[in-house]
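Protein chains: 2
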Amino acid sequence: MIKLYNLPRSGNCYKIRLLLALLDLEHEIIDIDAKAGENTTAEFLRLNPRGQLPVLDDDGEVLWDSTAILVYLADRYGGDDWLPRDSLGLARVMQWLALEQNEGRYGLARARAHALGNPNAFARDANPEECRALAMTALQVLEERLAANDWLAADQVTIADIACYPYVAMAGEGNIDIAPFAAVQTWTRRIAKLPRYLPLP
Amino acid sequence: MIKLYNLPRSGNCYKIRLLLALLDLEHEIIDIDAKAGENTTAEFLRLNPRGQLPVLDDDGEVLWDSTAILVYLADRYGGDDWLPRDSLGLARVMQWLALEQNEGRYGLARARAHALGNPNAFARDANPEECRALAMTALQVLEERLAANDWLAADQVTIADIACYPYVAMAGEGNIDIAPFAAVQTWTRRIAKLPRYLPLP
Chain P
1063 MIKLYNLPRS GNCYKIRLLL ALLDLEHEII DIDAKAGENT TAEFLRLNPR
1113 GQLPVLDDDG EVLWDSTAIL VYLADRYGGD DWLPRDSLGL ARVMQWLALE
1163 QNEGRYGLAR ARAHALGNPN AFARDANPEE CRALAMTALQ VLEERLAAND
1213 WLAADQVTIA DIACYPYVAM AGEGNIDIAP FAAVQTWTRR IAKLPRYLPL
1263 P
Chain W
1063 MIKLYNLPRS GNCYKIRLLL ALLDLEHEII DIDAKAGENT TAEFLRLNPR
1113 GQLPVLDDDG EVLWDSTAIL VYLADRYGGD DWLPRDSLGL ARVMQWLALE
1163 QNEGRYGLAR ARAHALGNPN AFARDANPEE CRALAMTALQ VLEERLAAND
1213 WLAADQVTIA DIACYPYVAM AGEGNIDIAP FAAVQTWTRR IAKLPRYLPL
1263 P
């Protein structure tokens, strides 16, 4: 049985819930109360020494980090559809996962966490100007790709799209306007039309 | 022919040079002068819209991002040795690549870039306290794993070790002392003994 340790409003946790829904995988969700410090207990740190969500437990195999979990679920349960298995195809997915973990996380996601007043150092210590600059880089690089392609890493949807989608689609909550990025906007609507799509948190 | 666009002092570029050396792969190195802005020309941005190094060109297939390049080289040229191909093994490597891209990059690597006075916003706008806190998280998580295991993601060296190694081994240049992390130090010496190892930049 797949168990997901989850924060309901987290874009990183939503990535996993979205892929679980798209893959139509049965799973149990265990909500963690970060405000009550449930992610910093000794018990939780045994699951994830970074103290972050999401964490996945698949029949006793525990994985932390949203990117690692996306790769695992796609590879284990998604056939070749969500994560290409040739070297170049795999690496093209990795490029976008890296953009999401760098400019995405420290730009789009951090701007949102700061604006929402999340109770952690990642949100509190954010430099809004830096977040905006990184977010703009992310959006420009995404726009350039999506102006000429429907999907980020291949001719079909992959976990590259699932990883980058949430914090782009929720950018407005961090006061980042994606209206100037027409191809990015069209792509968010394309994702929202996927069968078994799960609405944003 | 493999061509690597390279910054000589960059830990991210060194990751690729190290793996190329360990895999004994013939390659050409093209040094880029970031101080002269060679990474922001229209020509370079066609190779990498993020304007970062390293970039790899393997017979015309161009890849940006050090993580994506490590995955590509390991998968294409490393057999099953450097990147496990089962879902769980692959995901366990991804966990450490993610730690490196997050706490590693914004902690260890950024502290070093700031201390070295690198001429870009990533270095200039660094918050030294935040860098130190992220670096400590990275080192603690690495120490916990390495206290009980020789390598990060498997029973043998993988690209997880190659990705995390440079900015840990060069932490002192960012005024981060790794002396309290005994298992991490032993691991850096283990890596430096690998056949065809390439010295730190």
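Line order of the protein sequences matches chains P and W.
End of the first sequence sits at 1263 in this note's numbering; the numbers just go up one at a time, nothing left out.
End of the second sequence sits at 1263 in this note's numbering; the numbers just go up one at a time, nothing left out.
Where a beta carbon is used, it is the ideal one built from N, C-alpha and C, also for glycine.
Local Cβ density within 10 Å of P/Val1124, reported as buried at 16 or more and exposed below that:
exposed
My understanding is that P/Ile1078 touches P/Leu1118, with C-beta atoms under 8 Å, so please give their C-beta distance in whole angstroms.
Right, the Cβ-Cβ distance comes to about 7 Å (below 8 Å), so this counts as a contact.
From which residue to which residue does the alpha helix (DSSP H) around W/Glu1206 run?
Pro1190 to Leu1208
Out of curiosity, what's the CA-to-CA distance linking P/Ile1240 and P/Ile1253?
16 Å
Proximity of P/Asp1137 and W/Leu1152 at Cβ, strictly below 8 Å:
yes
Grab the span of the beta strand (DSSP E) containing P/Val1042 for me, first residue to last.
Any question about residue 1042 of chain P goes unanswered here, given that chain P covers just 1063 to 1263.
On the premise that W/Leu1170 lies in contact with W/Gly1122, defined as a C-beta separation below 8 Å, what is that separation, rounded to the nearest angstrom?
Not confirmed; about 34 Å, so no contact.
Classify P/Gly1073: buried if its beta carbon has 16 or more other beta carbons within 10 angstroms, exposed otherwise.
buried
Cβ-Cβ distance between W/Gln1157 and W/Thr1129 below 8 Å
Between W/Gln1157 and W/Thr1129, the C-beta gap is not smaller than 8 Å, which leaves the two residues out of contact.
Length of the line joining the Cα atoms of P/Arg1251 and P/Arg1207:
16 Å
Candidates P/Gln1247, P/Val1155, P/Val1203 and P/His1176: which alpha carbon is nearest P/Asn1189's?
Of the residues P/Gln1247, P/Val1155, P/Val1203 and P/His1176, the one whose Cα lies closest to the Cα of P/Asn1189 is P/His1176.
Looking at chain W, is there any beta carbon in it that lies within less than 8 Å of the beta carbon of P/Val1117?
Output row for P/Val1117: interface = no.
Less than 8 Å between CB atoms is the rule here; does P/Asn1068 satisfy it with respect to chain W?
no
Option in W/Tyr1229, W/Ala1245 and W/Gln1247 with minimal Cα separation from W/Leu1262:
W/Tyr1229
Does W/Arg1167 come within less than 8 Å of chain P when only Cβ atoms are used?
yes
For P/Leu1262, the three-state DSSP class (helix, strand or coil):
In the structure shown, the three-state DSSP call for P/Leu1262 is coil.
Would you kindly report the start and end of the unbroken alpha helix (DSSP H) that includes W/Asn1074?
Gly1073 to Leu1084
Using a Cβ cut-off of 8 Å (strictly closer), state whether P/Trp1126 contacts chain W.
yes
Do the CB positions of W/Glu1165 and W/Leu1196 come within less than 8 Å of each other?
yes
Quick check on the burial criterion: 16 or more other C-beta atoms within 10 angstroms. Buried or exposed for P/Met1232?
Counting the other Cβ atoms within 10 Å of the Cβ of P/Met1232 gives 16 or more, which makes it buried.
Classify W/Ile1238 as helix, strand or coil using the three-state DSSP reduction.
coil
Using the DSSP secondary-structure output, state which residues sit across from W/Val1124 in a beta bridge.
W/Asp1119
Closest to P/Ser1149 by CA distance: which of P/Thr1103, P/Ala1216 and P/Cys1075 is it?
P/Ala1216
Given that a residue counts as buried once 16 or more other Cβ atoms are within 10 Å of its Cβ, and exposed if not, what is P/Gln1114?
buried
Does any residue of chain W have a CB that is nearer than 8 Å to the CB of P/Asp1095?
no
So, are the CB atoms of W/Leu1204 and W/Cys1226 less than 8 Å apart?
yes
Range of the contiguous beta strand (DSSP E) that encloses W/Ala1067
Ala is not the amino acid found at residue 1067 of chain W; the sequence shown has Tyr there. First-last of the beta strand (DSSP E) with W/Tyr1067: Ile1064 to Asn1068.
Member of P/Met1063, P/Gln1202, P/Asn1068 and P/Ala1173 whose CA lies at the smallest distance from the CA of P/Pro1116
Put simply, of P/Met1063, P/Gln1202, P/Asn1068 and P/Ala1173 the residue whose alpha carbon is nearest the alpha carbon of P/Pro1116 is P/Asn1068.
Tell me whether W/Ile1094 sits in a helix, a strand or coil according to DSSP, three-state version.
W/Ile1094: coil per DSSP, three-state reduction.
Let me confirm a value: P/Gly1099 is counted as buried when at least 16 other C-beta atoms fall within 10 Å, else exposed. Which label applies?
Result: exposed.
Hey, how far is the Cα of P/Leu1132 from the Cα of W/Val1155?
13 Å
Let me see if you follow: with CB-CB separation under 8 Å, is W/Glu1088 close to chain P or not?
no
Looking only at its own chain, which residues have a Cβ that is under 8 Å from the Cβ of W/Asn1182, when we skip the five neighbours before and after it?
Ala1096 and Ala1175
With distances taken between CB atoms, is the gap from W/Leu1081 to W/Ile1224 smaller than 8 Å?
A contact, by the Cβ cut-off of 8 Å.
Does W/Met1232 have its Cβ less than 8 Å from a Cβ in chain P?
no
Only counting runs of 3 or more residues, tell me where the beta strand (DSSP E) segments fall wholly within the segment 1125 to 1162 of chain P, in order along the chain.
none
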